[in-house]
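Taking it in order: structure first as structure tokens, then the write-up.
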Amino acid sequence: MKDITEEKYHKLYGVKNVRITYKKSDFLDYVIMAVLTGAILYFTYGMHNPLAQVGMLLCAAAVAFFPLRHGIEFKVPIILSRPQEILYMFVHKVQNLRAPYYLAILVLIIENVVIYFTPEWPHKTALMGKIALYAFYGHIGLLTLYRTVIFVAHLIKREQVKEILMQSAWKGQLKRQPNITLEIFHAYFTGLLTHIVYVAPWYLVITYLQFSLVLLPVTCIAAFVIQTQFVKQINAWFYRDHWLGHNSELEFVYLHGPHHDAIPSGMIAVAGNGYLEGYVRGLLGFPIPFYNPIMAVLFYTIDVKIDIDSHQYIPGVFPGVDKDIHMVTQHSTHHYGRVEPLGFAINFDQPNVPEKAKKLFKLFPDELNNSIKIDEKLNGYQWDNHRYRWFLSMIDKYENNQKPDLDTADVNAQ
9 MKDITEEKYH
19 KLYGVKNVRI
29 TYKKSDFLDY
39 VIMAVLTGAI
49 LYFTYGMHNP
59 LAQVGMLLCA
69 AAVAFFPLRH
79 GIEFKVPIIL
89 SRPQEILYMF
99 VHKVQNLRAP
109 YYLAILVLII
119 ENVVIYFTPE
129 WPHKTALMGK
139 IALYAFYGHI
149 GLLTLYRTVI
159 FVAHLIKREQ
169 VKEILMQSAW
179 KGQLKRQPNI
189 TLEIFHAYFT
199 GLLTHIVYVA
209 PWYLVITYLQ
219 FSLVLLPVTC
229 IAAFVIQTQF
239 VKQINAWFYR
249 DHWLGHNSEL
259 EFVYLHGPHH
269 DAIPSGMIAV
279 AGNGYLEGYV
289 RGLLGFPIPF
299 YNPIMAVLFY
309 TIDVKIDIDS
319 HQYIPGVFPG
329 VDKDIHMVTQ
339 HSTHHYGRVE
349 PLGFAINFDQ
359 PNVPEKAKKL
369 FKLFPDELNN
379 SIKIDEKLNG
389 YQWDNHRYRW
399 FLSMIDKYEN
409 NQKPDLDTAD
419 VNAQ
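Counting in the numbering used here, the sequence shown runs from 9 upward without gaps.
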């Protein structure tokens with residue numbers, strides 16, 4: 009923790025503007041962001057790929073949702089009024105890169121060099137390419153099915169969804185736009201589009217580079233070792249990147265904003281990313297796209313599945329909210345209107361940790377299991393707070409059918 013300093017992790021080039029929601033004056037920036045997202049889909053997948061076609065329709069839907077949910081006000085877009093912010097964004101990303109990212113790229117380069125200079129070896133690159141594509145589309149299909157089941161569950165229980173949100177910081181949004189069905193569709197579309205863009209860097213890797221069957225055991229072991237090291241560093245990396253996503257106006261509006269624009273349901277979740285954010289993090293952050301396809305699909309699927317489940321903050325609706333888990337995690341607070349915590353917000357350094365949580369997190373390193381310490385050090389975060397207690401009371405009431413320990417009055421003003 010000695011190298012975790014405010015000077016390093018709260019460093020910002022350009023204008024600081026703390027954001028957690030979109031404003032109607034963001035409309036033109038939002039349109040540009042959607043167009044850029046569509047362009048990435050086109051150049052990554054090609055116009056004839058269904059993912060590009062569906063993704064572009066979802067981009068159009070996102071633009072259509074914006075005035076319905078926020079209104080429209082015209083102002084000069086950030087990228088025109090402060091174009092230097094684009095350069096600052098890339099500088100921030102590069103400065104935050106960690107060793108596992110470079111190691112993953114190095115292993116991939118070495119593998120392709122070996123393939124090039126040993127054509128007589130049975131690398132079976134064509135077979136590996138097919139396996140990679142099957143893994144890619146299988147990953148998308150499986151998790152889209154899971155996301156769709158969650159979407160249907162929210163539609164069925166839409167009145168309960170609205171009832172819970174009206175007791176929270178989401179009350180203001182639902183007063184502006186009271187149609188909860190529209191909010192549920194928006195959340196579902198947000199998750200679908202974010203997922204398609206998130207795996208785009210992986211698609212580029214598996215379609216433009218080669219993988220060897222002969223080297224598979226070595227590259228699998230290498231990927232496992234690299235990922236193990238990245239998990240130890242991921243909270244520090246995430247805190248820094250996430251802090252930028254809420255303190256740099258350009259990074260919020262163009263990268264992280266969509267993740268907070270949708271209701272706090274598992275439907276929206278794709279490794280904590282907004283539309284463009286997942287693409288940028290895949291190119292300049294995560295090592296997973298550069299692993300061999302067997303390990304990549306494993307880590308991608310675990311990553312997104314866990315994120316979907318852990319972002320379900322509307323109790324009583326599939327996939328459900330487990331209080332034992334939320335006794336040691338507090339990212340929910342961040343999706344109910346508070347900027348902090350900015351790390352993974354896991355806390356095992358407390359009394360009476362549930363046994364279920366201990367079993368679930370036992371394989372994770374201390375850097376992750378006590379990730380709240382970065383927030384406590386850098387922004388003075390207090391684990392015991394009203395908004396967190398309110399969320400636990402919602403779990404008691406709607407998930408466990410118990411009388412809440414706390415008055416469940418509106419916390420919008422807290």
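Just so it is clear, CB atoms sit at the ideal spot from N, CA and C, and this is done for glycine as well.
Do residue j and residue i have their beta-carbon atoms positioned less than 8 Å apart in this structure?
i, j, result
"L49", "V205", "yes"
"V157", "F326", "yes"
"V207", "I148", "yes"
"P373", "V233", "no"
"I214", "F144", "yes"
"Y429", "L284", "There is no way to answer for residue 429, as the model of the chain reaches only from 9 to 422."
"D404", "K364", "no"
"Y17", "L386", "yes"
"G290", "P297", "yes"
"L258", "M41", "no"
"L292", "T52", "no"
"E128", "F219", "no"
"I354", "S318", "no"
"L151", "H78", "no"
"I192", "F159", "yes"
"A277", "D311", "no"
"Y21", "V99", "yes"
"M136", "L221", "yes"
"V3", "A230", "Outside the displayed span of the chain (9 to 422) sits residue 3, for which this structure offers no information."
"F246", "F369", "no"
"G282", "H264", "yes"
"E407", "G324", "yes"
"G450", "I28", "One cannot answer for residue 450 here, as it falls past the ends of the chain, which runs 9 to 422."
"D249", "N104", "yes"
"V288", "V26", "no"
"D269", "Y110", "no"
Return the Cβ separation of residue i and residue j in integer angstroms, given the expectation that the two are a contact with Cβ distance under 8 Å.
i, j, result
"I1", "I382", "Any answer about residue 1 is impossible in this case: the structure gives the chain only from 9 up to 422."
"L350", "W210", "About 26 Å separates the two Cβ atoms, so there is no contact after all."
"I271", "L173", "6 Å"
"P91", "F35", "19 Å between Cβ atoms; not a contact."
"F7", "V336", "Any answer about residue 7 is impossible in this case: the structure gives the chain only from 9 up to 422."
"V62", "V39", "About 19 Å; that fails the 8 Å criterion."
"P58", "Q237", "Between Q237 and P58 the Cβ distance is about 36 Å, and since that is not below 8 Å, they are no contact."
"K322", "R155", "The amino acid at residue 322 is misidentified as Lys; the sequence shows Ile. Not a contact, Cβ separation roughly 15 Å."
"Q320", "S273", "6 Å"
From what residue to what residue does the alpha helix (DSSP H) around residue i run?
i, result
"P266", "265–269"
"Q92", "92–103"
"H131", "Run containing H131: none; DSSP gives neither H nor E here."
"K331", "331–334"
"F326", "Premise fails: F326 is in no alpha helix (DSSP H) and is neither H nor E."
"M402", "394–402"
"Q175", "Unbroken run through Q175: none, as it is neither H nor E."
"A277", "It is not in any alpha helix (DSSP H) - A277 carries neither H nor E in the DSSP assignment."
"M303", "301–318"
"F238", "224–255"
"R77", "58–78"
Establish whether the CB of residue i and some CB of chain D are separated by less than 8 Å.
i, result
"Q61", "The chain labelled as chain D is not found in the depicted structure, where only one protein chain is given."
Is it buried or exposed for residue i, if we count other Cβ within 10 angstroms and need 16 for buried?
i, result
"S256", "buried"
"M55", "exposed"
"N360", "exposed"
"S89", "exposed"
"M402", "buried"
"D425", "There is no way to answer for residue 425, as the model of the chain reaches only from 9 to 422."
"M275", "buried"
"V396", "The amino acid occupying residue 396 in the given sequence is Tyr; Val does not appear at that position. By the neighbour-count rule (16 or more Cβ atoms within 10 Å), Y396 is buried."
"A417", "At A417, the pLDDT of 46 sits below 50, so the modelled position is not reliable; the number obtained from the coordinates is stated separately. By the neighbour-count rule (16 or more Cβ atoms within 10 Å), A417 is not buried but exposed."
"A60", "buried"
"G388", "exposed"
"A47", "exposed"
"H343", "buried"
"Y299", "buried"
"Y142", "exposed"
"I80", "exposed"
"Q235", "buried"
"P225", "exposed"
"L130", "First, the amino acid is wrong: residue 130 is Pro here, not Leu. With fewer than 16 other Cβ atoms within 10 Å, it is exposed."
"R314", "The question names Arg, yet the displayed sequence has Ile at residue 314. Classification of I314: exposed, given that the 10 Å Cβ count is below 16."
"Q390", "exposed"
Following a CB-centred definition, is residue i positioned closer than 7 Å to any heavy atom of the ligand NAP?
i, result
"I172", "This structure lacks the ligand NAP, and indeed carries no ligand of any kind."
On the three-pair Cβ rule with 8 Å, is the stretch 184–203 touching the stretch 66–75?
yes
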